[in-house]
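Here the UniProt record's numbering is used: the first residue of the sequence shown is 1, the next is one more, and so on. Reviewing the structure listed below.
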Amino acid sequence: ITCHFYRLFYTTQITYLFLYIKVAESSSRDLSSLTLTCHLSISPPSSSLLVGVVRPSLTVLLPSSEEQDQGNVALVCLANRGFPEGWKLGWRLGAGGPLQGSQSLEVLEKDGHYSWSSSLTLTTDQWRKAGSVTCEASLKDQTPVTHTLEPHHCSQ
């Protein structure tokens, strides 16, 4: 008999588990009176269980002056230590609508928090003329977390 646990999904309050028991076809044992005892440890004793929402911290990496001289700039937004998974990163240029950037997969850290990133490529002209560039982390009904840069205040 083999016994496996699979994590199906979780909410902010509980992880749902599925127990899969496989009995070899060649087993001739009467399984009607079989008793199985499974022990499951959700987390190590020294760790804490995260419940609720942890807002990530955002850091935006600036383009170098050499990159600006080549016609395009890449901005990178790093989101660290958010919980639960599912936060989305987006971009806004000035007061305009959202811009499409590329988002990395979330990485589950040892402490149970998630980290991820997004990059946005602009022309040097867009970058220099922008009143502001904002990276925004959003999760369902939560108030977004934002980090705004003003290109004219950044060293050229």
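For every residue, glycine included, the Cβ atom is placed at its ideal position computed from N, Cα and C. Since we're looking at a predicted model, the values are computed, not measured.
A residue is called buried once 16 or more other Cβ atoms fall within 10 Å of its Cβ, and T148, having fewer, is exposed. DSSP assignment within the UniProt domain "Ig-like" (56-146) yields the following whole beta strand (DSSP E) runs of 3 residues or more, N-terminal first: 57-61, 72-82, 88-93, 114-123, 133-138. Rounded to the nearest angstrom, the gap between the Cα atoms of K129 and W116 is 28 Å. Pairing V107 with L78 gives a Cβ-Cβ distance that is not under 9 Å.
Per DSSP, the beta bridge partners of V54 are F83. With a beta-carbon spacing of about 6 Å, N72 and T121 fall inside the 8 Å limit used to define contacts. Taking the Cα positions, V54 is about 10 Å away from E85. Ranked by Cα distance from E67, the first of D125, L139, P56, G101 is D125.
Rounded to the nearest angstrom, the gap between the Cα atoms of L58 and E150 is 15 Å.
Rounded to the nearest angstrom, the gap between the Cα atoms of P144 and L93 is 16 Å.
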